[in-house]
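What follows is one structure encoded as structure tokens, with my remarks underneath.
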Amino acid sequence: MCNCFTLKRVLSLLTLCLTFFALISSASNYPNKTIRLVVPFEPGGSSDITARIVASEMQKTLGQTIIVENLGGVGGSRGSEVVTKSSPDGYTLLWGNVAPIAINQHLYKNLNYDSQKNLIAISLATIFPNVLVVQPGLKSNTFASFMAQSKKEFSNLTYASAGNGSSTHLAGAWLNDLLGSKWLHVPFKGGGPALLAIASGQVDFYFSAIPSALPFIRAGKVFPLATTGKVRDPSLPNVPTIAEQGFPQFEVINWNGLFAPANTPPEIIQQLSKSMMDALVSPIVKEKLTAQGAIAMPMKPQEFSKFISEESIKWEKLVKLAHASIE
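With mature numbering (1 follows the signal peptide of the UniProt record, and there is no 0) applied, the sequence shown corresponds to residues -27 to -1, 1 to 300, in that order.
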């Protein structure tokens, strides 16, 4: 019995040692094959678009092809979980955003990963505030008139979201609380259907990600009243922020960043971080991101980890405020 137990311990230690040396060896000549970048959402959304823009530039410094793979489902958690269970060798990465990284752990009761324990934050990539858009038939063309109408017709106004517990739902719940209104929440299965509902007049307003809303705004299908950042967004310079209209505490931003599975060697993390930094300061990349309503915002790993911790605390409070929960 004792000898068997000792043998098992020796074999376990040998396995750990072999795995460790394999990772060290892999890190020394990284990357030497194609890199898989998982976007945990469907194609065509802001996460997918920004991932492809940045990955295309990172390929130049890394010297290897980066294939973007869309694995949507469960509010971004499906694809994120796949990455957490992948080999920590730098060849499977995650293009995460606020939902699977900072919201879902507070929203889902049975999440199979911990974003701050099972993933390594490499760098923040982009930020973009939401924009409050209203349907064309709503009798409000300024945020002030919208507030007045909310108080006058509080029981009749409806707001769309990309789904229960999404950042668009929680942004609406927060402003609803600040204004003391009683809006009716109408969840949709994604931001696309929510925007279409606003454009067709089925629902009154929606906190949309700016990259998704810009085509609708430019076509005159929805009207922008306010953005949700601390400062005005470059893509909508004439649209004021909610903060500057009497609610300085109100800030809701979407963001994307690069992550690797836990235990990925530090040398690989640093190499990916540098490649990401180089990509995000590229004038071509910045121009492409700005055209999508996104702002390049590189961060070093430690700074990004701190940012995620702060975001997690904020979104946990908003999940509780909205009484949002998903089994």
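The C-beta atom is built at its ideal place from N, Cα and C for all residues, glycine as well.
Being a predicted model, the structure only gives us computed values, none of them experimental.
- Query: Ile286 to His296, Cα distance in whole Å?
  - Reply: 16 Å
- What residues in its chain sit with their C-beta under 7 Å from that of Leu187, if we drop five residues either side in the sequence? Ser208 and Gly266
- Kindly confirm or deny that the region 25 to 35 and the region 53 to 60 touch, where touching means at least three C-beta pairs closer than 8 Å. no
- Does the Cβ of Asn5 have 16 or more other Cβ atoms within 10 Å, making it buried, or fewer, making it exposed? exposed
- Exposed or buried, what is Lys261 when buried is set at 16 or more other beta-carbons lying within 10 Å of its beta-carbon? buried
- Item | Own chain partners of Asn149 with C-beta closer than 6 Å, once the 5 adjacent residues on each side are dropped | Trp156
- Decide if Lys290 is buried, meaning its Cβ has at least 16 other Cβ atoms within 10 Å, or exposed. exposed
- Which value, in whole angstroms, describes the spacing of the CA atoms of Ser278 and Val106? 32 Å
- Beta-carbon proximity list for Pro73, same chain, < 7 Å, skipping 5 on both sides: Pro13, Gly48, Gly49, Ser50, Ser53 and Ser88
- Query: Going by the CB atoms, is the gap between Leu97 and Val230 shorter than 7 Å?
  - Reply: Sequence check: residue 230 is Gly here, not Val. Cβ distance < 7 Å, so Gly230 and Leu97 count as in contact.
- Message: Using CA atoms only, rank isn't needed, just tell me which of Asn137, Leu143 and Thr131 is closest to Phe178.
- Response: Thr131
- Message: Please identify the residue among Gly145, Ser134 and Thr201 whose C-alpha is closest to the C-alpha of Ile171.
- Response: Ser134
- Query: Is Phe14 close to chain D, meaning its C-beta is less than 7 Å from at least one C-beta of that chain?
  - Reply: Reference to chain D is not applicable here, since this structure consists of a single protein chain.
- Message: Rounded to the nearest angstrom, what separates Val254 and Val195 at their Cα positions?
- Response: 32 Å
- Item | With 16 other Cβ atoms within 10 Å as the buried cut-off, status of Asn211 | exposed
- Message: So, under 8 Å CB-CB, Ser123 and Val225 are touching, yes? Tell me the CB distance rounded to an integer number of Å.
- Response: Contact flag wrong, Cβ pair sits at about 18 Å.
- Item | Residues near Ala182 in its chain [Cβ-Cβ closer than 7 Å; skip 5 each side] | Ser19, Phe101, Asn103, Gly164 and Asn227
- Terminal residues of the alpha helix (DSSP H) in which Ile183 lies: Ile183 to Arg191
- Return the chain-ordered list of same chain residues with a C-beta closer than 8 Å to the C-beta of Glu15, the five sequence neighbours on each side being excluded. Asp21, Asn43, Gly45 and Gly163
- Rounded separation between Leu(-5) and Ala233 - CA only: For Leu(-5), the predicted structure reports a pLDDT of 49, less than 50, and the residue's modelled location is therefore unreliable. A value from the coordinates is still provided. If you take the alpha carbons of Leu(-5) and Ala233, they lie about 14 Å apart.
- Message: According to DSSP, simplified to helix, strand and coil, what is His296?
- Response: coil
- Distance CB(Ile215)-CB(Thr201) smaller than 7 Å: yes
- Query: Would you report the Cα separation of Gly63 and Met272, rounded to the nearest angstrom?
  - Reply: 19 Å
- Message: Taking the straight line between their C-alpha atoms, what separation do you get for Asn236 and Thr7?
- Response: 20 Å
- Message: Let's test the definition: count the other Cβ atoms within 10 Å of the Cβ of Gln108 and tell me whether it reaches 16, buried, or not, exposed.
- Response: buried
- Query: Should Ile299 and Gly138 be called a contact, given that it needs their Cβ atoms to be closer than 7 Å?
  - Reply: yes
- Identify, in the order they occur along the chain, each residue of the same chain with its Cβ nearer than 7 Å to the Cβ of Ser173, setting aside the five sequence neighbours on each side. none
- Would DSSP call Arg205 helix, strand or coil? coil
- Task: Could you tell me if Asn2 is buried or exposed, where buried requires 16 or more neighbouring beta carbons within 10 angstroms of its beta carbon?
- Result: exposed
- Alpha-carbon spacing of Gln32 relative to Thr65, whole angstroms: 14 Å
- Ser134 lies in the alpha helix (DSSP H); which residues open and close that run? Looking at the DSSP string, Ser134 is not in any alpha helix (DSSP H); the run it does join, the beta strand (DSSP E), is Thr131 to Ser134.
- In terms of alpha-carbon separation, which member of Ala121, Asn91, Ile93 and Tyr81 lies closest to Gly136? Tyr81
- Just the C-alpha distance for Lys259 and Gly153, rounded to the nearest angstrom, thanks. 39 Å
- Among Thr34, Ala121, Ala167 and Leu35, which one has its Cα closest to the Cα of Ser185? Ala167
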